[in-house]
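A.B. asks:
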Amino acid sequence: MGLLYNVIALVFLLQMQNCEASQDVSSSTRSCLDLLKRGIKTNGHYQIFDQTNDRFITVYCDMESELGSAWTLIESFALKNKGVDQIRRHPLQTNAPVNEKTPNWNIYRMSLSQMNALKPHSTHWRVTCSLPTHGVDYRDYARANFVDFDVMTFLGDAVCKKMEFVNIRGHQCAQCTATWWQKINTYPPTIDSSYPNNCQLVATVGAVSSEDNFGFYSSINNKFRCSAGPDSTTNWWFGGYL
């Protein structure tokens with residue numbers, strides 16, 4: 014498994030070099046969605062313009078997993094790296110970058126200024142589990158509209174928040190509410206699927222005690238793809254639709 018992920022990392026790096034070399038960079042390119050609108054339809058590393066800091070930055074774009082949409086990776090980490098401080102303790106509205114210039118699956122998080130520059134050009138956010146392995150089949154997946162649930166400003170414990178779609182271990186609902194946590198210096202956005210609540214998503218069947226989903230991972234369930242093994246990854250994205 015370790016060899017496989019080393020190969021994936023090498024392919025990732027080669028993609029980055031090839032895409033950056035071939036891209037005609039424009040300061041009007043503010044997101045992966047802008048690239049999709051220009052006809053770029055291949056996953057890979059690209060340059061977009063960060064107007065907040067008046068510079069170009071390298072990002073990873075998913076153009077292929079969901080037809081008619083494009084997604085910019087803002088954070089990704091392997092389960093074995095769940096204890097890294099920037100990943101473990103900080104909500105998205107805290108500046109806690111790691112490898113922010115080199116997007117990768119195993120340990121990466123944008124700076125707050127990068128996220129803030131990207132957000133106005135995004136209508137949605139989503140979370141996928143081990144996207145390079147599973148793609149998007151909507152199992153162990155979450156997606157919301159920023160208008161309904163702004164994950165960049167939300168703070169709270171066990172709050173029902175509106176989702177466009179959410180699936181945890183096969184339990185799912187659409188246009189429904191799910192229970193979210195996010196707290197300064199404590200935990201990033203996460204769901205505890207074992208927690209009894211009044212939200213519409215119910216995923217308690219098959220849950221382990223205090224099970225964490227999509228982040229934090231103090232208590233893990235290997236039936237959930239993001240926490241299936243040490244090399245499983247949790248991938249956070251900002252994006253939108255054509």
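Start counting the sequence shown at 14; every next residue gets the next number (our numbering). Cβ atoms here follow ideal geometry from the backbone N, Cα and C, with glycine treated the same way. Nothing here was measured: the structure is a model prediction, and the numbers come from that model.
1) Could you tell me how far apart the beta carbons of S232 and S245 are, in whole angstroms, since I believe they sit closer than 8 Å?
2) May I have the straight-line CA-CA distance separating F178 from R68, to the nearest angstrom?
3) Count the other C-beta atoms from every protein chain shown that fall within 10 angstroms of the C-beta of V164, then say buried if there are 16 or more, exposed otherwise.
4) Since R156 contacts H134 with CB under 8 Å, what's their CB separation in whole angstroms?
5) Any idea if L80 is buried or exposed, counting beta-carbon neighbours within 10 angstroms, 16 or more meaning buried?
6) Rounded to whole angstroms, how far is the Cβ of Y200 from the Cβ of F159, which I believe are closer than 8 Å?
7) Hey, quick one: how far does the beta strand (DSSP E) through P147 stretch, first residue to last?
8) I want to know whether the stretch 233-241 touches the stretch 59-79 - three or more CB-CB distances under 8 Å.
9) Comparing alpha-carbon positions, which option in G169, T166, K175 and A91 lies nearest P145?
10) Nearest by alpha-carbon distance to L255: which of D225, A191 and D47 is it?
11) Between which two residues does the alpha helix (DSSP H) holding N210 run?
12) Can you find the residues in the same chain that come closer than 6 Å, C-beta to C-beta, to F162, ignoring five residues on each side of it along the sequence?
13) Q106 by DSSP, collapsed to three states: which one?
14) So Y121 and T141 are in contact, right, with Cβ under 8 Å, and what is the actual spacing, rounded?
15) Identify the continuous beta strand (DSSP E) that holds S82 and give its terminal residues.
16) What is the DSSP secondary structure of Q127, counted as helix, strand or coil?
17) Would you call T202 buried or exposed, if buried means 16 or more other Cβ atoms sit within 10 Å of its Cβ?
18) Measure the C-alpha to C-alpha separation of P116 and Q127 and round it to an integer number of angstroms.
19) What's the C-alpha gap between H58 and S41?
20) Among residues of its own chain, excluding the 5 on either side of P110, which ones have a beta-carbon nearer than 8 Å to its beta-carbon?
C.D. replies: Let me spell this out:
1) Not confirmed; about 15 Å, so no contact.
2) 34 Å
3) buried
4) Between H134 and R156 the Cβ distance is about 17 Å, and since that is not below 8 Å, they are no contact.
5) exposed
6) Rounded, the Cβ-Cβ distance is 21 Å, inconsistent with contact.
7) One detail in the question is off: residue 147 reads as His in this sequence, not Pro. Segment L144 to H147 is the alpha helix (DSSP H) holding H147; no beta strand (DSSP E) there.
8) no
9) A91
10) D47
11) No alpha helix (DSSP H) holds N210; DSSP gives it neither H nor E.
12) K174 and K175
13) coil
14) Not quite, the Cβ-Cβ distance comes to about 14 Å (not below 8 Å), so this is no contact.
15) S82 to A91
16) helix
17) The sequence given here has Pro at residue 202, not Thr. By the neighbour-count rule (16 or more Cβ atoms within 10 Å), P202 is buried.
18) 12 Å
19) 17 Å
20) Q99, R122, M123, S124, L125 and Q127
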